[in-house]
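Taking it in order: structure first as structure tokens, then the write-up.
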Amino acid sequence: MGKPEQPAAPAEAVRDDVHRALREDVGAGDVSAGLLPVDAHAAAVVVAREECVLCGRDWFEEVFRACDERIVIRWRVAEGGKTTAGETICELEGPVRGLLSGERSALNFLQLLSAVATQVRAMVKALEGTSAVLLDTRKTLPGLRQAQKYAVRVGGGSNHRMGLYDAVLLKENHIAAAGGVLQALKAARGRSGKLPVTVEVQDLDELSEALEAGAGWIMLDNFSLDQLSAAVVARDRRGRDVILEASGSIGPDN
């Protein structure tokens with residue numbers, strides 16, 4: 504079996520993210536780099552300080568493209584590739600003003616997205632041999648959701664809903680306001696069309712209610728390992744193809 508194909512970076516989000524970052528950091532102009540000769544050139548290298556899964560090359564390249572298109576980047580590590588401490592990730596060469604103006608923003612993207620991909624890769628590895636799938640959340644940095652969710656995919660995880668618009672998640676407050684699980688599910692099915700619907704439950708009693716109501720995807724919020732095992736038994740006892748999602752306090756150790 505060959506290596507899994509790397510996901511494509513969201514091109515529009517890359518441009519928007521970089522434009523926003525440079526507007527924030529460079530603003531009307533880099534007054535420090537502006538002191539240097541216009542025709543001065545330099546070379547630089549990016550070196551990994553620790554082992555990681557590289558992610559964010561498109562954002563890195565876009566930063567320097569925006570600062571000066573003459574900057575050349577030679578990559579030594581592929582997107583999604585694993586680095587070792589001290590390994591050269593890439594080499595850069597070009598006008599020194601552009602290199603210095605883009606350095607911080609470019610590294611910010613590379614470090615953030617590589618950190619996400621690295622953590623996800625470790626958790627995906629811990630799930631090997633099971634049928635479990637690692638999903639992300641909406642708890643992303645404002646404005647960087649597509650970037651961070653892309654990094655999750657590079658790390659081997661899968662995306663949950665992108666926002667409040669592409670899936671229905673009936674949480675405790677939605678259920679209470681609707682008058683119960685059954686009523687909330689009926690409302691969701693009647694108005695959400697083909698959007699997926701997930702019901703959040705807090706304990707085994709609520710799980711039983713959700714199963715009885717015909718929920719097809721149930722989120723088990725902050726269940727202990729014993730409760731998760733009991734939930735699987737309760738689901739299987741009904742003989743229905745219901746997806747169970749564990750949420751809260753998820754980490755490499757559990």
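Residue 521 in my numbering sits at position 18 of the sequence shown, and the numbers go up by one each step.
In this text, a Cβ means the ideal position worked out from N, Cα and C, and glycines have one as well.
Here the structure is a predicted model, which is why all the values come from computation and not from measurement.
Cβ contact annotation for E712 (same chain, cutoff 6 Å, sequence separation greater than five): V684, in chain order. Counted as a single uninterrupted DSSP element, the alpha helix (DSSP H) harbouring R560 occupies residues R560 to C570. According to DSSP, R577 shares a beta bridge with E594. Residue pairing of L723 in beta bridges, as defined by DSSP: V704 and A749. With distances taken between CA atoms, L539 lies nearest to L603 out of A737, T701 and L603. Beyond the five residues adjoining it in sequence on each side, G601 comes within less than 6 Å, by CB distance, of C570, D571 and I574 in the same chain, given in chain order. Annotation for V736: the continuous alpha helix (DSSP H) segment containing it runs L728 to R740. A545 and S535 have their C-alpha atoms some 16 Å from each other. When secondary structure is reduced to three states using DSSP, H663 falls in the coil class, being assigned neither helix nor strand. The Cβ atoms of G589 and A620 lie no closer than 8 Å to each other. For A679 and A737, the gap between their C-alpha atoms comes out near 23 Å.
With at least 16 other beta carbons inside 10 angstroms of its own, I592 counts as buried.
Remark: fewer than three beta-carbon pairs, one from each stretch, lie closer than 8 Å, so the region 654-668 and the region 522-535 are not flagged as touching. Boundaries of the alpha helix (DSSP H) harbouring L610: V599 to A629, taken from the DSSP string. Residues T701 of the same chain have their beta carbon placed closer than 6 Å to that of L672, with the five preceding and five following residues left out of the count. It is roughly 18 Å from the alpha-carbon of A512 to the alpha-carbon of L638.
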